[in-house]
Amino acid sequence: MDQKVTAIIVNYFSGHLLKDIVSNLKKFLPRLGEIIIVNNSGEDISGHGDAITTVLCPEENLGYGRAINFGVRNSKYPNIVALNPDISIEKWDFDFENPPAKKFIVSGVKDGGLEYPKFPHPLYDAYRFMLFNLSKLFSPIDKLFGTLRLDPSIDFQPVDWVPGALIVTTKETFDAIGGFGEEYFLFYEEVDLCMRARLQNIEVLFSPKISYRTFEAKSSSCDVSEVKTVSEAESLRTYHHKYSNRMMTFLSVSLIKSWSICMVVFFGFLSKLFSSKKIKSKVKQYRIYNNRLKFSQSLGPLP
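Residue numbers (the working numbering): 20 to 322.
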């Protein structure tokens with residue numbers, strides 16, 4: 020059986036990174052058969068095509084999960100490495116010819132860390148969402164309730180879900196799961212993918228055989244634009260409505276909405292005392308929360 024690999028990169032205004040990540044993949048991935056770049060931006064990146072690199076230009080921005088689905092549908096080979104352009108692989112000892120299971124999802128050591136995220140509880144997600152730009156306050160909560168500590172001496176360890184920065188799988192596995200859910204935004208795409216995998220008894224694993232660095236994602240993680248804020252909030256609600264307890268989901272969304280109202284009042288008061296543009300932008304940001312986070316009366320039980 021042909022064990023060649025298709026690498027799929029999602030480009031979103033990251034054209035300046037593509038040369039390095041393509042070179043990195045060619046250096047580290049054995050049996051690399053093709054690289055597919057899904058262009059989610061209006062950038063002209065046609066110059067990055069070569070003998071094994073294809074640039075696909077959909078008519079619209081598909082988002083991360085939908086773009087990976089698009090890339091997998093257009094791939095030639097049975098093994099898939101899906102990744103962001105803002106990473107650099109540093110170690111690759113993973114062998115598709117000796118997989119950990121018949122069907123699997125694997126990722127590796129990210130930025131030297133050995134902590135992986137757990138499936139989010141609704142209340143954990145509410146606190147994460149409210150304290151997204153207050154890392155010192157959120158960090159203790161995250162360590163207690165949000166992460167698993169992993170052993171670097173074990174080749175493959177089960178985890179709840181893996182980051183979308185680098186996902187290693189097979190076309191057979193991806194198709195069996197049904198690909199990424201296209202109704203989600205940010206990490207809920209990966210969480211939902213891995214939840215559906217686990218429900219089908221498909222292995223979701225961490226492996227120290229793979230390690231990589233990220234070098235631009237931290238800047239984008241601090242972005243609190245309207246589109247990102249609203250899309251993430253709606254994904255939070257959609258995910259927990261699907262998988263979590265009805266009451267906990269209702270309470271989680273209610274907490275976020277209450278927090279948003281308090282922040283609007285607080286920053287509104289400050290904006291009357293001070294003429295700071297930064298304060299006024301914060302007021303606008305929290306009004307976005309308040310106006311758009313309408314939790315549905317139709318929140319039902321687990322499907």
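Ideal Cβ positions, reconstructed from N, Cα and C, are used throughout, including at glycine. All values reported here derive from a predicted model rather than from experimental measurement.
Under the Cβ criterion (8 Å, minimum of three pairs), the stretch 108 to 127 counts as touching the stretch 43 to 61. At the C-beta level, A216 and I229 stay beyond 9 Å of one another. Every unbroken stretch of the alpha helix (DSSP H) spanning 4 or more residues and falling wholly within the stretch 155 to 225 is given here in chain order: 190 to 196, 207 to 218.
Under the 8 Å Cβ criterion, the stretch 163 to 173 does not count as touching the stretch 291 to 298, having fewer than three qualifying pairs. In the same chain as F157, and ignoring 5 residues on each side of it, the C-beta atoms closer than 6 Å to its own belong to L150, in chain order. Counting C-beta pairs closer than 8 Å gives fewer than three between the stretch 172 to 190 and the stretch 59 to 66, which falls short of the contact rule. CA-CA distance, K137 to C213, rounds to 11 Å. For E209 and V302, the gap between their C-alpha atoms comes out near 31 Å.
Closest in alpha carbon position to L255, among I280, F204, L289, is F204. Excluding sequence positions up to five before and after H259, its CB lies within less than 6 Å of the CB of P141, T268, all in the same chain and listed in chain order. In this structure, I71 and G52 form a Cβ contact; the two beta carbons are roughly 7 Å apart against a cut-off of 8 Å.
Within the model, the alpha-carbon separation for G198 versus G287 is close to 43 Å.
Residue state for S230 is assigned as strand, using DSSP reduced to three classes. Within 10 angstroms of the beta-carbon of F234 lie fewer than 16 other beta-carbons, which makes it exposed. In this structure, V128 lies near Y231, with their beta-carbon atoms less than 9 Å apart. CA-to-CA, the gap between G132 and L292 works out to about 44 Å. The stretch 22 to 63 is shown to contain whole beta strand (DSSP E) runs of 3 or more residues at 24 to 30, 51 to 58, in chain order. According to the DSSP assignment, I99 belongs to the beta strand (DSSP E) that extends over 98 to 102. Under a 10 Å Cβ-count criterion, S273 is classified as exposed, with fewer than 16 other Cβ atoms of the shown protein chains found around its own Cβ.
Cβ-Cβ separation between Y96 and T25: approximately 5 Å, consistent with a contact (criterion under 8 Å). Minimum Cα-Cα distance from F123 among the listed residues F175, V249, V283 corresponds to F175.
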